[in-house]
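The structure appears right after this line, and notes come after that.
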């Protein structure tokens, strides 16, 4: 009887993990779709990629953004504001990592709730 209980507990844990992974995959797909529809992939990529012609990407890779901001208090609010309002061209903190001087405002291309959803997804990247 004890063995049967252990097997049932293990099966339940595996089903929960599988369901959680599927839900995460669905959230990832939704955020990627929002970003694609808003034109974010024009300047950004998910993973850092070395350019063959030694040029820098226009915008930083989102894994780099995640690495820089994910543990900072207020990061989601700050990055959502940057997405919607743009960034200061004189305060670029991506020097030598991205060629773009500043991010333009995107409030016409993406809603605040969708921007926040994409930002939360970016911050979850490892």
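Residue numbers (UniProt numbering): 1 to 126.
Yeah, the Cβ is synthetic: ideal placement off N, Cα and C, and Gly gets one too.
Under 8 Å by Cβ, that's how I've got residue 97 and residue 123 pegged, so tell me the actual separation to the nearest angstrom. On the chain shown, residue 97 is found 97 positions in, with the first residue counted as 1. On the chain shown, residue 123 is found 123 positions in, with the first residue counted as 1. With a Cβ gap of about 18 Å, residue 97 and residue 123 do not count as contacting.
Determine the closest residue to residue 74 out of 120, 27 and 26, with distance taken between C-alpha atoms. Within the chain shown, numbered from 1, the residue matching residue 74 stands at position 74. Among 120, 27 and 26, the Cα nearest to that of residue 74 belongs to 120.
For residue 34 versus residue 88, is the C-beta spacing smaller than 8 Å? Against the chain shown, residue 34 aligns to sequence position 34. Against the chain shown, residue 88 aligns to sequence position 88. The beta carbons of residue 34 and residue 88 sit no closer together than 8 Å.
Applying the 10 Å Cβ sphere with the 16-neighbour rule, what's the burial state of residue 110? As a first step, residue 110 must be located in the chain shown, where it is residue number 110. Buried.
Which residues bound the alpha helix (DSSP H) around residue 58? Start at 1 with the first residue of the chain shown, and residue 58 comes out as number 58. In the DSSP annotation of this structure, residue 58 is not part of any alpha helix (DSSP H), being labelled neither H nor E.
Near residue 126, which residues of its chain fall below 8 Å by C-beta distance, leaving aside the five closest residues on each side in sequence? Taking the first residue of the chain shown as 1, we reach residue 126 at position 126. For residue 126, same chain residues with a beta-carbon under 8 Å away, outside a window of 5 residues either side, are 63 and 66 in chain order.
Which word fits residue 104, buried or exposed, when buried means at least 16 other C-beta atoms lie within 10 angstroms of its C-beta? Indexing the chain shown from 1 puts residue 104 at position 104. In summary, residue 104 is exposed, with fewer than 16 beta-carbon neighbours lying within 10 Å of its beta-carbon over all protein chains present.
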